[in-house]
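Reviewing the structure listed below.
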Amino acid sequence: DAGITQSPRHKVTETGTPVTLRCHQTENHRYMYWYRQDPGHGLRLIHYSYGVKDTDKGEVSDGYSVSRSKTEDFLLTLESATSSQTSVYFCAISGAYGKYEQYFGPGTRLTVT
Amino acid sequence: GNSVTQMEGPVTLSEEAFLTINCTYTATGYPSLFWYVQYPGEGLQLLLKATKADDKGSNKGFEATYRKETTSFHLEKGSVQVSDSAVYFCALSDRDTGNQFYFGTGTSLTVIP
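Top line first, the protein sequences correspond to chains A and B. Per our numbering, the very first residue in the first sequence carries number 985; after that it's consecutive. Per our numbering, the very first residue in the second sequence carries number 191; after that it's consecutive.
What follows is the structure in structure tokens.
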């Protein structure tokens, strides 16, 4: 299994509070991604990173920001959580030379009350 | 643009039945194609992949062939088991945009004894 961990695994927070989710990899892969998974929508890309301090928006980036100060860590921040951001969040990595598949972390279940 | 359309679920089959889950795609370049499987409470796991037209990916009795002429990548298995019960996602990757993935909405499979 690819070395990807996510923390926390579960979180309950109140509307309006900031929340940061962490993704940590031990594979030294170049690309990292944050997705959210909701019933009926599959996985939707929030943001991705193609290197340290290099990030770009995905399909559903509004209300989210990211940072990548080290190759191994990719942080997702909800500046002011809303109930619509209740979801399961997955981190993924890719980038081994000649391989394009993504490997996923175990997910973080976030509930915004 | 890029997109993936896969068969609506849920699908319920008896053990040892034949499985087909349809997947078609739209792509602007030359994508790689993937099937992922998600078991309850877990992240997505790569099931199989194909990187160019006419390639056949296979793993654990599942297989899928990259058909450029029909823009399809249907997942098949000759004899399903109860342990195959999961959600299956078809995806394509676009190497020209940071290896972004585009996922289908997922097909839930339940295999009954």
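Heads up, the beta-carbon is just placed ideally off N, CA and C, and yes, glycines get one too. Model, not experiment: these values are computed from the prediction.
At which residues does the beta strand (DSSP E) containing A/D1038 begin and terminate?
By 1-based counting over the first sequence, the position of residue 1038 of chain A is 54. A/D1038 -> beta strand (DSSP E) spans 1038-1041.
So, does the CB of B/T218 fall closer than 8 Å to a CB anywhere in chain A?
Sequence index remark: in the second sequence, residue 218 of chain B carries index 28 (1-based). No, B/T218 lies away from the interface with chain A (no Cβ there is under 8 Å from its Cβ).
Give me whichever residues DSSP pairs with A/H994 in a beta bridge.
Numbered from 1 along the first sequence, position 10 holds the residue referred to as residue 994 of chain A. Looking at the DSSP output, A/H994 sits in a beta bridge with A/R1093.
Cross-strand partners of B/F263 (DSSP beta bridge)
The sequence position of residue 263 of chain B within the second sequence is 73, counting from 1. Residue pairing by DSSP places B/F263 opposite no residue, since no beta bridge is assigned to it.
Does DSSP put A/S1068 in a helix, in a strand, or in coil?
Reading the first sequence from its first residue, position 84 is the one you call residue 1068 of chain A. In this structure, A/S1068 counts as helix in the three-state DSSP scheme.
Identify whether B/S248 lies in helix, strand or coil by the three-state DSSP scheme.
Mapped onto the second sequence, residue 248 of chain B falls at position 58. In the structure shown, B/S248 sits in a strand (DSSP, three-state: E or B).
Would you call the region 1063-1080 of chain A and the region 1006-1015 of chain A in contact, with 3 or more CB pairs under 8 Å?
They touch, by the three-pair rule.
Which of the three DSSP states, helix, strand or coil, is assigned to A/D1046?
On the first sequence, position 62 is the one that residue 1046 of chain A refers to. A/D1046 falls in the coil class under three-state DSSP.
Chain B residues whose Cβ lies nearer than 8 Å to that of A/G1024
Reading the first sequence from its first residue, position 40 is the one you call residue 1024 of chain A. Simply T295.
B/S275, DSSP secondary structure in three states
As a position in the second sequence, residue 275 of chain B is number 85, starting the count at 1. DSSP, reduced to helix, strand and coil, places B/S275 outside both helices and strands of the structure shown, so it counts as coil.
For B/D274 and B/D286, the rounded distance between their alpha carbons:
Taking the second sequence and counting its residues from 1, the one referred to as residue 286 of chain B is at position 96. Taking the second sequence and counting its residues from 1, the one referred to as residue 274 of chain B is at position 84. Between B/D286 and B/D274, the C-alpha separation is close to 33 Å.
Would B/G251 and B/V277 qualify as a contact pair, given that the criterion is a beta-carbon distance under 8 Å?
Indexing the second sequence from 1 puts residue 251 of chain B at position 61. Indexing the second sequence from 1 puts residue 277 of chain B at position 87. No, the pair does not count as a contact, with Cβ atoms beyond the cut-off.
Opening and closing residue of the beta strand (DSSP E) in which B/L227 lies:
Here the question's residue 227 of chain B lines up with position 37 in the second sequence. Residue identity differs from the one stated: residue 227 of chain B is Val in this sequence, not Leu. From DSSP, the beta strand (DSSP E) with B/V227 extends over 222-228.
Starting from A/D1057, trace the beta strand (DSSP E) both ways and give me its first and last residue.
In the first sequence, counting from the first residue as 1, residue 1057 of chain A sits at position 73. Counting along the chain, the beta strand (DSSP E) containing A/D1057 begins and ends at 1057-1062.
Would you mind stating whether B/E206 and B/V270 have Cβ atoms separated by less than 8 Å?
Within the second sequence, numbered from 1, the residue matching residue 206 of chain B stands at position 16. Within the second sequence, numbered from 1, the residue matching residue 270 of chain B stands at position 80. Yes.
Can you tell which of A/G1042, A/D1057, A/E998 has the C-alpha that lies nearest to the C-alpha of B/N289?
Within the second sequence, numbered from 1, the residue matching residue 289 of chain B stands at position 99. Here the closest residue by C-alpha is A/G1042.
Residues of chain A with a CB under 9 Å from the CB of B/G233: which are they?
Translated into positions along the second sequence, residue 233 of chain B becomes position 43. For B/G233, the chain A residues whose Cβ falls inside 9 Å of its Cβ are I988, Q990, F1074, C1075, A1076, Y1087, F1088, G1089, P1090, G1091, in order along the chain.
Just the chain B side, please: which residues come within less than 7 Å of A/L1005 by C-beta, in chain order?
As a position in the first sequence, residue 1005 of chain A is number 21, starting the count at 1. Ordered by position in chain B, no residue passes the 7 Å Cβ test against A/L1005, which lies about 14 Å from the chain.
Checking contacts by CB at 8 Å: is B/L223 closer than that to chain A?
By 1-based counting over the second sequence, the position of residue 223 of chain B is 33. No - not a single Cβ of chain A is within 8 Å of the one on B/L223.
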